[in-house]
Every structure is written in C-alpha cells, then in structure tokens.
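**Q** Protein sequences appear in the order of chains D and A.
Quick note, the first sequence lines up with residues 0 to 325 if you use numbering that gives the first Met the number 0.
Quick note, the second sequence lines up with residues 0 to 325 if you use numbering that gives the first Met the number 0.
Just so it is clear, CB atoms sit at the ideal spot from N, CA and C, and this is done for glycine as well.
Since the structure is predicted, the reported quantities are computational estimates derived from the model, not experimental observations.
What follows is a structure written as structure tokens; I'll ask about it next.
Protein chains: 2
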Amino acid sequence: MSLSETSIIDVFRRHFAGERSGLVLGIGDDAAVTSLPAGRQLVTATDSLVEGTHFLPGAAAASVGHRVLAVNLSDLAAMGAEAHWATLSLSIPNADGEWVGQFAKAFAQLADEFGVMLVGGDTVRGPLSATVTLMGSVPTGQFVTRNGACAGDDIYLSGAAGYAAAGRAVLSGKTQFDNMQSEEQQSRLRTYCQRFEYPLPRVAFGVALRTVATAMIDVSDGVHIDLSHLLTASNIGAHATVPELGLLATDFDNDTARELFFCGGEDYELCFCAPAESAPEVLRLAAEHAVPVTRIGKAVAGSGLSWNQDGRPVAPAGSAFEHFQD
Amino acid sequence: MSLSETSIIDVFRRHFAGERSGLVLGIGDDAAVTSLPAGRQLVTATDSLVEGTHFLPGAAAASVGHRVLAVNLSDLAAMGAEAHWATLSLSIPNADGEWVGQFAKAFAQLADEFGVMLVGGDTVRGPLSATVTLMGSVPTGQFVTRNGACAGDDIYLSGAAGYAAAGRAVLSGKTQFDNMQSEEQQSRLRTYCQRFEYPLPRVAFGVALRTVATAMIDVSDGVHIDLSHLLTASNIGAHATVPELGLLATDFDNDTARELFFCGGEDYELCFCAPAESAPEVLRLAAEHAVPVTRIGKAVAGSGLSWNQDGRPVAPAGSAFEHFQD
C-alpha cells in the first residue's frame with residue numbers, strides 16, 4: 000500500500016489523538032504550541048538514525064521507530080529531565096504503508112510508555128532516515144550536566160554495557176555466531192539483538208538521580224569514550240574497574256568481551272558520579288527503580304581514565320570495536 | 000579538508016559562541032537547557048531539506064544552510080511567533096570541511112539576523128540532508144492558527160508568489176530560459192534564483208500580524224494549496240483574484256505565470272485573513288515593516304476556493320507545476 004504525505008501524517012495523528020498535559024496545539028498547523036509549567040526549564044535533544052549508518056538496510060521498521068525515540072529519551076534521562084513533546088522528521092524513499100504503520104506503532108508505544116506526545120514533524124521523500132527532537136523539562140536549575148563531578152566521587156554504571164554491540168554484530172550476520180546453535184546460545188543472541196533493536200532508556204532513574212548525581216552521561220558511544228567525555232568536562236581523572244561482563248563472558252573470549260564493554264556503544268545506559276557518602280542513596284534509588292547499578296570506579300584529581308580488570312591494568316584496544324564495525 | 004564529527008560541531012560552536020537571552024546550557028552536553036519567560040508559550044516547527052528532493056545535487060552549501068533555517072522561521076512567522084532556539088541534524092556523506100564551513104556560515108548569518116541560537120544537534124554520516132527544529136514563543140494564547148478565519152474576512156498575501164518556483168526551474172537548467180540572454184533578462188533570472196536559494200521569511204511582520212490576523216499560513220506549497228488548507232481548517236470558502244504577476248508576466252505567457260503563482264511554492268510568503276474593518280491596520284503594519292501586501296480575496300460562507308483573473312474565472316491546471324517539477 001502506498002501512502003500520500005497526508006495519509007502518513009494521519010497514521011501518526013491517530014496514534015497521538017489524546018489530550019496531554021501542556022499540549023495547546025498539536026499536529027496540523029504551521030507549528031505546535033505547548034505550555035511549560037512555571038518554575039521549569041526546557042530540555043531539548045536531537046538525534047537522527049540513518050539507514051546504513053545507524054541501522055542495517057532492511058531493519059525492522061518497528062526497531063527504527065523505537066530506537067529513534069529511545070536515543071533521545073536517553074539523552075533527556077542523562078540530564079535528569081522528564082520528557083514531554085517530540086517532533087519527528089521522517090525521510091522515506093517510497094511511501095510504504097506497512098513500513099510506516101509498523102514504525103509509527105512502535106514509536107507511539109514507546110512514547111506512550113514515557114508520557115511523550117508527538118506534536119509535529121515533516122515527512123519527505125528521500126533516503127531512509129528519521130530525526131527526532133525531544134523536549135522535556137526539569138525544575139529550574141536541577142538539570143545534571145557532564146561537568147559537575149569532583150575528585151573522590153564514586154562512578155556508577157546502570158545495567159550492562161556491550162550487549163547492544165554484540166546484538167548489532169549478530170544482526171549484521173557476523174560469522175563468529177555461526178556455531179552458536181544450542182537453545183541457550185540462541186536465547187543469549189536474542190537478548191543481544193533485543194538490546195540493540197529495542198533499548199529501554201533509563202528515564203525514571205535518570206530523573207531520580209538528579210537529587211544525588213554530580214555528573215551524568217548516557218552510554219551511546221561506549222563506556223570508555225563516554226566516561227572520558229564526562230571526566231574531561233569535569234576536569235578530573237578516574238581509576239575504574241571492568242565489572243563482571245555477564246553474558247558476554249560466556250559467548251566471547253575475555254579480550255573481546257572487554258572490548259565490547261569499552262567501545263561497543265548504543266546501550267543507552269547511564270554513567271554517573273555521586274559523592275562517596277551518597278552511596279546508600281544511590282543504591283536505594285537503584286532498588287526503588289529496579290535498575291541494576293555497579294560502582295565501577297572513583298574520580299581522582301588530574302586527568303585520564305585508567306582501567307583494571309581482576310587487578311591487572313587493561314586498556315581499550317579498539318580491536319573488537321573495529322572488528323564489529325562495518 | 001576532511002573533518003571529524005567533533006570538528007564539525009566546533010565549526011558551528013564557533014559561530015554561536017555568544018550569550019543569548021534564555022540560553023542556560025548550549026551545545027556540548029546530552030541536551031540543551033533553555034528558559035522561557037513567564038507568560039509565554041513554546042512554539043515549535045520542524046522541517047527537513049533532502050538532496051534531490053528539496054535542493055539540486057551540487058546546490059550551494061550556503062543556500063542549503065540558509066534555506067533549512069528559513070523554512071522553519073517561516074513556519075514560526077505564520078504562527079505569529081518570535082524565534083529563539085534551533086537544533087540542527089546534519090547528515091553528510093563525507094566530512095567536507097569547505098562545504099560544512101559554507102553551510103554553517105550561511106546558517107549562522109540568518110540565525111543572527113533573526114536572533115536565533117543553535118543549542119544542539121547531531122552530525123551523522125549519510126545521504127546529504129539537514130533537519131532543523133526551531134523553538135520560539137508567543138505571549139500565552141496569542142498564536143495565530145489556520146482555523147480562525149470568518150466569512151467576510153479579507154484575504155491577503157505578502158510579497159510575490161511564483162518567483163521561487165521560476166528560480167528552481169532556472170537552476171535545474173530548463174531549456175525555456177536559453178533564449179533569455181539580455182542583461183535585463185539575466186537580472187530577472189537572478190532575482191528568481193535568489194528567491195529560491197535565499198528566501199527571507201516574514202518573521203517580524205508575522206509577529207506584528209498576531210494582533211489583527213484571524214488565520215495565517217506560510218506559502219510553502221503554492222498559494223492555491225496553502226490558502227485551501229487555511230479555508231478548510233477555518234471551515235469557509237473564498238473568492239479570490241490573481242494579482243499582478245510582476246516579473247513573471249514579462250518572462251512567461253499568462254497561463255504559465257499564473258500556474259507558477261498558483262502552484263509554484265517555496266516562496267515563504269504569508270497568506271492571512273483579517274476582518275474587513277482591520278484593512279487600514281493591515282496596511283499600516285505592512286508599511287511599517289516595508290512588506291508589500293496585496294488583498295487577494297474575501298472569505299465566504301460555504302467551502303471551496305474560486306479564482307478570477309481580469310474578471311474571467313480561472314483555475315489551477317497543475318500544468319506549469321508538473322512542467323517545472325523533475
């Protein structure tokens with residue numbers, strides 16, 4: 000089924016027909032109008048997914064629709080911000096009704112789960128890509144930046160890192176997975192793929208952390224690179240320990256598993272710092288939000304990020320990363 | 000010169016290094032933070048330009064950088080909104096430093112002219128395209144929609160429509176321009192191209208009109224289609240007159256000139272309605288903002304949009320439009 004631009008807009012409009020707090024004028028005019036409650040600041044992120052760069056040609060439309068919103072939700076989570084309104088620009092080579100329907104359904108499901116309203120956008124003919132701008136808010140002054148960490152702060156990581164990159168490798172048909180045929184192995188491969196295709200950003204936990212985190216970033220480019228960004232912005236260094244690598248330790252040799260952790264990226268977990276005395280509060284919030292959290296290191300005066308694993312110094316080689324990248 | 004993603008971001012950051020009212024945290028963290036003054040509502044538009052669809056392969060980078068912001072400024076103008084903050088997602092096949100530099104310079108020049116701050120974005124490898132989300136504001140409740148026009152309202156159009164489509168045709172090398180060799184003809188062709196490549200949105204005039212306009216839309220898809228959208232949204236009809244067609248009447252036969260006016264699009268002029276008794280105020284605002292304005296018709300009860308030219312009924316044939324489209 001081929002759709003006109005008007006029909007494509009209608010597909011999205013049907014998914015977002017309800018009322019939503021703060022929405023004054025939604026899809027259908029030259030621009031959207033929304034109201035921010037008094038005492039709050041606007042927090043805005045933009046991210047694009049392009050076929051061939053961020054997802055494989057032929058990737059499931061539902062995965063693309065889910066991820067393009069999830070990556071933006073994760074950016075807001077890393078600021079400690081609640082998400083409110085999104086715009087979507089969708090570029091598609093031909094108006095394939097089934098593709099658009101699956102994309103819109105997955106986008107709307109995730110939006111609904113996080114209280115996000117689609118308020119506008121653009122539908123254009125072009126190579127397959129999607130761009131979302133997500134607007135949210137924080138009580139004035141309560142956003143969490145990358146640059147507030149201090150020497151002595153503990154460094155934490157939510158969830159597991161490296162799984163999404165393993166999933167990306169599985170989906171691109173890398174031969175090293177050809178021997179993983181047992182039911183258990185297949186189940187683990189599906190877990191990796193799920194993490195890549197349908198990541199769940201840590202929004203509620205990010206919002207909760209704004210009372211305790213001194214600095215925060217989301218792990219989109221890999222733990223080593225993103226933690227390095229945070230440390231540079233905060234003008235400090237850190238000593239960190241590679242945590243247990245979970246499923247990765249079963250399916251890969253140690254060097255590859257560690258590289259996936261260091262450099263894999265696209266996990267959309269939160270990496271954050273908090274004063275040592277706040278450790279009980281961090282663990283309480285983690286338990287309250289049912290988010291696994293690992294203390295992976297400590298910020299120190301100076302610069303640089305040094306890692307150890309099982310007491311031995313280790314460093315990202317970039318090899319597994321290169322290996323898995325196309 | 001080839002640029003890394005970090006260098007590309009730095010190119011934009013240099014252009015937007017200053018302070019700006021309402022900017023709390025700009026480029027460089029997971030998201031931007033901005034403050035909207037009390038008593039104002041947020042107005043948001045998103046538009047994309049894709050190579051091969053919205054601009055010709057090989058189009059000047061400066062034109063693409065200018066237009067992707069201009070089209071969004073025009074959307075905000077049509078709401079009567081002041082523009083404040085933009086995000087930019089830029090997809091480029093290779094990091095060509097000169098291309099990015101020219102794009103950024105033109106984008107920043109137009110942003111500066113309209114008081115817009117670039118607060119964030121994304122730079123990705125992919126087919127050439129750019130998406131801007133532009134955020135602005137209006138005093139609470141004072142935005143102008145498409146749906147407020149009443150029977151009896153006058154219908155106005157700013158500037159001249161059809162020139163941009165003529166410019167697009169010139170730039171795509173249509174053969175009908177081969178005989179236009181005189182200096183005067185060449186000068187007119189440059190005027191058309193300028194209107195297509197570097198449109199100047201009517202932002203200040205749009206803001207001024209919010210005290211008097213009952214409905215407003217920007218002419219991006221052509222006068223006939225966009226005015227029809229406004230009438231449908233307002234649940235009324237209209238009788239309208241094709242105005243003097245200016246330069247188009249010199250360079251094209253009457254049917255072609257009229258089709259360019261009806262269906263050309265991409266002029267980014269404002270089409271708006273106002274009560275008959277407000278005519279002196281509309282003309283006063285037009286003079287104050289040095290914007291040429293023509294009263295082109297009258298809203299009537301019912302539905303449908305009928306046109307006349309020199310007393311004869313005429314209708315869009317879509318032929319010139321098709322003729323000029325690739």
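Let me know the beta strand (DSSP E) ranges lying completely inside the segment 86-124 of chain A, each 3 residues or longer, listed in chain order.
**A** 116-124, all fully within the segment 86-124 of chain A.
**Q** Which residues in chain A have a C-beta closer than 7 Å to the C-beta of THR52/D? List them in chain order.
**A** The count along the first sequence starts at 1 and reaches residue 52/D at position 53. Result: VAL123, ARG124, GLY125.
**Q** Considering only the beta carbon of each residue, do GLY125/A and SER128/D sit closer than 8 Å?
**A** One-based indexing of the second sequence puts residue 125/A at position 126. One-based indexing of the first sequence puts residue 128/D at position 129. Yes. Within cutoff.
**Q** I need the DSSP call for ASP217/A, collapsed to helix, strand or coil.
**A** As a first step, residue 217/A is located in the second sequence; it is residue number 218 there, counting from the start. Strand.
**Q** Is the Cβ of ARG145/D closer than 8 Å to any Cβ of chain A?
**A** Translated into the one-based positions of the first sequence, residue 145/D becomes position 146. Yes, ARG145/D lies at the interface with chain A (some Cβ there is under 8 Å from its Cβ).
**Q** Name the residue from VAL123/D, THR293/D, THR210/D, LEU68/D whose alpha carbon lies nearest to the alpha carbon of ALA103/D.
**A** The residue labelled residue 103/D in the question sits at position 104 within the first sequence. With distances taken between Cα atoms, ALA103/D lies closest to LEU68/D.
**Q** Could you tell me whether the segment 203-220 of chain A touches the segment 131-149 of chain A, where touching means 3 or more Cβ pairs closer than 8 Å?
**A** The answer is yes - the segment 131-149 of chain A touches the segment 203-220 of chain A, with three or more Cβ pairs under 8 Å.
**Q** What is the DSSP secondary structure of SER6/D, reduced to helix, strand or coil?
**A** For this step, residue 6/D is matched to residue 7 along the first sequence. Note: SER6/D maps to helix in three-state DSSP.
**Q** Under the rule that 16 or more other beta-carbon atoms within 10 Å means buried, what is GLU196/A, buried or exposed?
**A** Translated into the one-based positions of the second sequence, residue 196/A becomes position 197. Counting Cβ neighbours within 10 Å, GLU196/A comes out buried, since at least 16 surround it.
**Q** Can you find a CB in chain D that lies within less than 8 Å of the CB of MET116/A?
**A** Position 117 of the second sequence, counting from 1, holds the residue named residue 116/A. Chain D, which has no Cβ nearer than 8 Å to the Cβ of MET116/A, makes this no.
**Q** Counting only C-beta atoms, is SER20/D closer than 8 Å to chain A at any point?
**A** Position 21 of the first sequence, counted from the start, is the residue given in the question as residue 20/D. It does not: the Cβ of SER20/D has no partner Cβ on chain A nearer than 8 Å.
**Q** Under 9 Å, CB to CB, which of the residues in the segment 201-218 of chain D have a partner in chain A?
**A** Residues passing the 9 Å Cβ filter: MET215, ILE216, ASP217.
**Q** With distances taken Cα to Cα, identify the nearest neighbour of ASP152/D among ASP225/D, THR249/D, VAL281/D, GLN175/D.
**A** Taking the first residue of the first sequence as position 1, residue 152/D is located at position 153. Taking only the C-alpha atoms, the option nearest ASP152/D is VAL281/D.
**Q** Cβ closer than 9 Å: which chain D residues qualify as neighbours of GLY57/A?
**A** Within the second sequence, numbered from 1, the residue matching residue 57/A stands at position 58. Simply none; closest approach about 16 Å.
**Q** Is GLY79/A closer than 8 Å to VAL32/A when the C-beta atoms are compared?
**A** As a working note, residue 32/A is residue 33 in the second sequence. As a working note, residue 79/A is residue 80 in the second sequence. Going by C-beta atoms, VAL32/A is not nearer than 8 Å to GLY79/A.
**Q** Please state whether DSSP places ARG19/A in a helix, a strand or coil.
**A** Counting from 1 along the second sequence, the entry for residue 19/A is found at position 20. DSSP places ARG19/A in coil when its eight states are reduced to three.
**Q** How would you label GLU268/A, buried or exposed, when you count the other beta carbons within 10 angstroms and need 16 or more for buried?
**A** Along the second sequence, read from residue 1 onward, the residue named residue 268/A stands at position 269. Per the 10 Å Cβ criterion, buried.
**Q** Is DSSP giving TYR191/D helix, strand or coil here?
**A** For the purposes of this step, residue 191/D is taken as residue 192 along the first sequence, with counting starting at 1. TYR191/D falls in the helix class under three-state DSSP.
**Q** Would you say LEU304/D and ALA239/D are within 8 Å of each other, going by their C-beta atoms?
**A** As a working mapping, residue 304/D is identified with position 305 in the first sequence. As a working mapping, residue 239/D is identified with position 240 in the first sequence. Contact: yes.
**Q** Helix, strand or coil: how does DSSP classify ASP28/A here?
**A** Position 29 of the second sequence, counted from the start, is the residue given in the question as residue 28/A. In the structure shown, ASP28/A sits in coil (DSSP, three-state: anything other than H, G, I, E or B).
**Q** Could you check where the alpha helix (DSSP H) with VAL281/D kicks off and where it finishes?
**A** Taking the first residue of the first sequence as 1, we reach residue 281/D at position 282. Start and end: 278-287.
**Q** Quick check on the burial criterion: 16 or more other C-beta atoms within 10 angstroms. Buried or exposed for TRP98/D?
**A** Taking the first residue of the first sequence as 1, we reach residue 98/D at position 99. Result: buried.
**Q** Quick one: what's got a C-beta closer than 8 Å to ARG39/D's C-beta in the same chain, skipping five residues either side?
**A** For the purposes of this step, residue 39/D is identified with residue 40 of the first sequence, where counting begins at 1. The answer, listed in chain order, is SER136, VAL137, PRO138, THR139.
**Q** Just checking, does the segment 221-240 of chain D make contact with the segment 187-203 of chain D on the three C-beta pairs under 8 Å criterion?
**A** Flag = no, the segment 221-240 of chain D and the segment 187-203 of chain D do not touch.
**Q** Distance check for LYS173/D and THR249/D, CA to CA, integer angstroms please.
**A** Residue 249/D sits at position 250 when you count from the first residue of the first sequence. Residue 173/D sits at position 174 when you count from the first residue of the first sequence. The alpha-carbon atoms of THR249/D and LYS173/D are separated by roughly 17 Å.
**Q** Can you find a CB in chain D that lies within less than 8 Å of the CB of ALA319/A?
**A** One-based indexing of the second sequence puts residue 319/A at position 320. For ALA319/A, the predicted structure reports a pLDDT of 43, less than 50, and the residue's modelled location is therefore unreliable. The matter cannot be settled from this model.
**Q** GLY119/D versus chain A: which residues are under 7 Å apart at the beta carbon?
**A** Translated into the one-based positions of the first sequence, residue 119/D becomes position 120. What GLY119/D touches in chain A: THR43, ALA44, THR45.
**Q** What separation, rounded to the nearest whole angstrom, lies between the Cα atoms of SER90/A and TYR162/A?
**A** The residue you call residue 90/A lines up with position 91 of the second sequence. The residue you call residue 162/A lines up with position 163 of the second sequence. So the alpha carbons of these two residues sit roughly 29 Å apart.
**Q** How would you list, in chain order, the residues of chain D whose beta-carbon sits under 9 Å from the beta-carbon of VAL169/A?
**A** Position 170 of the second sequence, counted from the first residue, corresponds to residue 169/A. Those do not exist, as VAL169/A stays about 22 Å from chain D at its closest Cβ, beyond 9 Å.
**Q** Between VAL23/D and chain A, is any beta-carbon pair separated by less than 8 Å?
**A** In the first sequence, the residue the question calls residue 23/D occupies position 24. Taking Cβ atoms only, chain A reaches closer than 8 Å to VAL23/D, which makes this a yes.
**Q** Starting from the beta carbon of SER34/A, find every residue of chain D whose beta carbon is closer than 8 Å, and list them in chain order.
**A** What you label residue 34/A is simply residue 35 of the second sequence in a count that begins at 1. Correct list: GLN40, LEU41, THR139.
**Q** Closer than 7 Å: is that where the CB of GLY135/A sits relative to any heavy atom of the ligand GTP?
**A** The ligand GTP is absent from the structure shown, which contains no ligands of any kind.
**Q** Check whether the Cβ of MET179/A lies closer than 8 Å to any Cβ atom in chain D.
**A** Counting from 1 along the second sequence, the entry for residue 179/A is found at position 180. For MET179/A, the answer is no, since every Cβ of chain D falls outside 8 Å of its Cβ.
**Q** Should the segment 100-115 of chain A be regarded as contacting the segment 101-117 of chain D, the criterion being three or more beta carbon pairs within less than 8 Å?
**A** No: the two stretches stay apart, fewer than three of their Cβ pairs being nearer than 8 Å.
**Q** Starting from MET134/D, follow its DSSP beta bridges and name the residues at the other end.
**A** Counting from one through the first sequence, the residue named residue 134/D turns up at place 135. THR43/D, TRP84/D, per the DSSP bridge assignment.
**Q** Can you tell me the Cα-Cα spacing of ASP46/D and GLY205/D, whole angstroms?
**A** The count along the first sequence starts at 1 and reaches residue 46/D at position 47. The count along the first sequence starts at 1 and reaches residue 205/D at position 206. Looking at the two C-alpha atoms, the distance is approximately 19 Å.
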